[in-house]
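**Student:**
Protein chains in written order, with the numbering used here: chain A, 1333 to 1480; chain B, 15 to 413; chain C, 1443 to 1622.
1) Which residues in chain A have a C-beta closer than 9 Å to the C-beta of residue 1517 (chain C)? List them in chain order.
2) Using a Cβ-Cβ cutoff of 9 Å, what residues of the region 114-126 of chain B are near chain A? List them in chain order.
3) Would you check if the distance between the CB atom of residue 1417 (chain C) and the CB atom of residue 1476 (chain C) is smaller than 7 Å?
4) Mind checking whether residue 155 (chain B) and residue 139 (chain B) have CB atoms under 7 Å apart?
5) Roughly how many whole angstroms lie between the Cα atoms of residue 55 (chain B) and residue 100 (chain B)?
6) Quick one: is residue 1373 (chain A) buried, meaning 16 or more other Cβ sit within 10 Å of its Cβ, or exposed?
7) Taking only runs of the beta strand (DSSP E) that begin and end inside the region 1445-1496 of chain C, which ones reach a length of at least 3 residues, in chain order?
8) Out of C:1614, C:1487, C:1452, C:1583, which has the shortest C-alpha to C-alpha gap to residue 1568 (chain C)?
9) What residues are listed by DSSP as bridge partners for residue 1439 (chain A)?
10) List the residues of chain A that residue 1494 (chain C) touches, going by C-beta distances under 9 Å, in chain order.
11) Where are the alpha helix (DSSP H) runs, 4 residues long or more, that stay fully inside the region 327-393 of chain B, in chain order?
12) Check whether the Cβ of residue 92 (chain B) sits closer than 6 Å to any heavy atom of the ligand PLP, and report yes or no.
13) Kindly indicate if chain C contains any beta-carbon less than 7 Å away from that of residue 1452 (chain A).
14) Which of helix, strand or coil does DSSP assign to residue 1504 (chain C)?
15) Does DSSP put residue 1425 (chain A) in a helix, a strand or coil?
16) Taking residue 273 (chain B) as part of the alpha helix (DSSP H), name the residues at either end of that continuous run.
17) So, using beta-carbon positions, are residue 266 (chain B) and residue 244 (chain B) closer together than 7 Å?
18) Pairing CB atoms from the region 71-80 of chain B with CB atoms from the region 186-195 of chain B, are three or more of them under 8 Å?
19) Residues of chain B with CB closer than 7 Å to the CB of residue 1447 (chain A), please, in chain order.
20) Consult DSSP for residue 1377 (chain A) and reduce its assignment to one of helix, strand or coil.
21) In three-state DSSP terms, what is residue 1513 (chain C)?
22) Would residue 96 (chain B) and residue 61 (chain B) be called neighbours here (beta carbons separated by less than 7 Å)?
23) In terms of alpha-carbon separation, which member of C:1455, C:1573, C:1595, C:1593 lies closest to residue 1480 (chain C)?
24) Which chain B residues sit within Cβ distance under 8 Å of residue 1440 (chain A)?
25) What distance in whole Å lies between the Cβ atoms of residue 182 (chain B) and residue 163 (chain B), which are believed to be in contact at a cut-off of 8 Å?
26) With residue 250 (chain B) as the anchor, note down where its alpha helix (DSSP H) starts and where it stops.
27) Touching or not, the region 305-319 of chain B and the region 362-374 of chain B, by the rule of three or more beta carbon pairs under 8 Å?
28) May I ask you to list the residues that DSSP assigns as paired with residue 1434 (chain A)?
29) Between which residues of its own chain and residue 1498 (chain C) is the CB-CB distance below 8 Å, once the five residues before and five after are set aside?
30) Please report how far the alpha carbon of residue 1517 (chain C) lies from the alpha carbon of residue 1590 (chain C), in whole angstroms.
31) Look up residue 1553 (chain C) in the DSSP assignment and say whether it is helix, strand or coil.
32) Should residue 404 (chain B) be flagged as near chain A, meaning a C-beta pair shorter than 7 Å?
33) Would residue 293 (chain B) pass as a contact of residue 342 (chain B) if the rule is Cβ separation under 7 Å?
34) Short of 7 Å in beta carbon distance, which residues of its chain neighbour residue 230 (chain B), apart from the five on each side in sequence? Order them along the chain.
35) Would you mind sorting residue 270 (chain B) into buried or exposed? The rule is 16 or more other CB atoms within 10 Å of its CB.
36) Counting only Cβ pairs nearer than 8 Å, list the residues of chain C close to residue 1340 (chain A).
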């Protein structure tokens, strides 16, 4: 039988797609947000980590870090807070911003709707990720990036 | 003698110290990066994100659809550092965005959109400069945008190439609008001629991204990778064709070494025919590419060897047409610049088009030249088969 | 993955939308892993719940080395193992009615997908937990043997032999069914 001949292939190709229910989603997100709030309140305001320093630890990682920061800034700067999307169920968001900007995804957009579709998809990706954390200005990010 | 030796030793020591000190300085201040992408990334960082209204205004201004407005000018000025970085980057010959090719179709291309946003900003700056009468700098910005567009394709995926063509069109459009306002002095136009000619070495032929796309596709035609095509099925070709998605999925799930090899052979022949078609004259090339784009999908149902090509091979007639159209537009601009130079030198336009000017790529012939009271028209002799029209480019000339 | 780094970056700065997106992105995969390992949907949901609550508590101090998916899968595998130890001896039954399989293709494909997934699920359920865990982490979640060895705190040889024994056993179960 084919199954016995290549059991690895069979298992790999039949990964079950289990889907969480909306009650479960609500419960997990509710409890997770509460846990997050507890952690944030427990910390003093000045104890916030300097994430840039964490990201930019060495010269070798700087380009990667720059790319990350660029995406954050580029995508994120829409002034509409993501809190507004809280009414959505989690499953409503089917594609993530990064997925929307992959080679495959942009190619699909182009093949299906030409350049206009590529434009539309990129715009959506920008909007999806939400605003840049206001505590850090681009200048500060750049200063960190440049090591000054 | 002893004193002399001592002096020589002291001088030598001094020289060594100076050399060491200068080396230390070199180490302390590393040279500017030679990769334009690093400067672009900084420009992206410093670019202030416009709100929706400003975004629309920037788009309209960059297309010349609205006049310069105080608010836009202030916004553009607040992005001066980002613009300066973009200009510096565009002048650099080397640009590597760090695209992770090994990720294949999953590789992310986030910079592509950032490039386009930066383009809007620089073009708005060009319009503002022209509005203030600094035409040379304004035209310079347009050339910067063209360079920026070609840097965007430095990593060569086909989709980047398409974006670069679009950017070239925007920049050309801006040049075409600014040129008539330019005072008829030879210096400004000759400087533009020089800069446009420099761009010839920057543009990448369509064959390069097509090769890249073909290599990328061939990588997936192995037993190990073929399964990764399944999530792409619907998006790539069979958007509304569930039956074909099902057939393709079944074939891919059952794929063995032989299936992959046969599909690779089929695709290799297809890819070679596509590359060969790109060398044909426009009308033949367009027809051939259109036919080649459809053929794997026509054969798909009856011929399993065409399965992967049907799913993955891009239809290149649109990209090709787009490239011919943009090149023609750029050639029309270069030809127009020559006519502006003649007009600046002789105070009048020539009665006939001088020989040896860049050509209409749809026909491979010189543009048709029509002199008018307030300028001239350069008209293509060949028809754009996709848009089914003859393109013409009108240029006004300041008296 | 660039997006995950951004999400972690935002999450560490207290952005709930980042946590929400991380959850949305990986919840189904993680629940699938937990269900396959534990064969009990409600316990599996508790596992995913506890993993995310614990992850949320690390806000501000979370450091990502490797992939976010790998990290969360590891957490689920660890938590599932603990739960399995607690209920060892009891053969938990999977509430199949609740385990929803979703395939994006047409109805025929869906039916085939569910049937074969259920069959696989049943086959995997007949393996010892230690073997099932490795097979699922390796074949469904793309973890390398070296990574699995690190998570389980056993040698890579142990991981490989458990994997091999697991596959052999699956083969013999299938052969047995075929020859019946």
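Beta carbons are placed, not taken as given, at the ideal position from N, Cα and C, and that holds for glycine.
Treat the numbers as computed from the prediction; the structure is a model and nothing was measured.
**Tutor:** So, from the listed chains and residues:
1) Chain A residues near residue 1517 (chain C): none, gap ~13 Å exceeds 9 Å.
2) 117, 118, 119, 120, 121, 122, 123, 124, 125, 126
3) Since the first residue of chain C shown is 1443 and the last is 1622, residue 1417 (chain C) is not available in this structure.
4) In this structure, residue 139 (chain B) lies closer than 7 Å to residue 155 (chain B) by Cβ.
5) 9 Å
6) exposed
7) none
8) Ranking the options by Cα distance to residue 1568 (chain C), first place goes to C:1614.
9) None; residue 1439 (chain A) has no bridge partner.
10) Result: 1360, 1361, 1363, 1364, 1367.
11) Here the runs fully enclosed are 331-360.
12) Looking at this structure, you won't find the ligand PLP or any other ligand, since it has none at all.
13) no
14) coil
15) Residue placement at residue 1425 (chain A) cannot be trusted, given a pLDDT of 38 that sits under 50; what the coordinates show is reported in the next sentence. Of the three classes helix, strand and coil, the one that applies to residue 1425 (chain A) here is coil, per DSSP.
16) 271-291
17) yes
18) A contact exists between the region 71-80 of chain B and the region 186-195 of chain B.
19) 176, 180
20) Confidence in residue 1377 (chain A) is poor, its pLDDT being 44 and thus under 50, which makes the residue's placement unreliable; the coordinate value appears in the next sentence. Helix, per DSSP.
21) helix
22) Judged by their CB atoms, residue 96 (chain B) and residue 61 (chain B) are nearer to each other than the 7 Å cut-off.
23) C:1573
24) 246, 249, 250
25) 5 Å
26) 247-250
27) As far as the Cβ criterion goes, the region 305-319 of chain B does not touch the region 362-374 of chain B, which means the pair count is below three.
28) B:122
29) Residues 1461 of the same chain have their beta carbon placed closer than 8 Å to that of residue 1498 (chain C), with the five preceding and five following residues left out of the count.
30) 12 Å
31) Model confidence at residue 1553 (chain C) stands at a pLDDT of 34, short of 50, so the residue's coordinates are unreliable; what they give is reported in the following sentence. It is helical.
32) no
33) no
34) 118
35) Exposed is the label assigned to residue 270 (chain B), since fewer than 16 other Cβ atoms lie within 10 Å of its Cβ.
36) 1581, 1609
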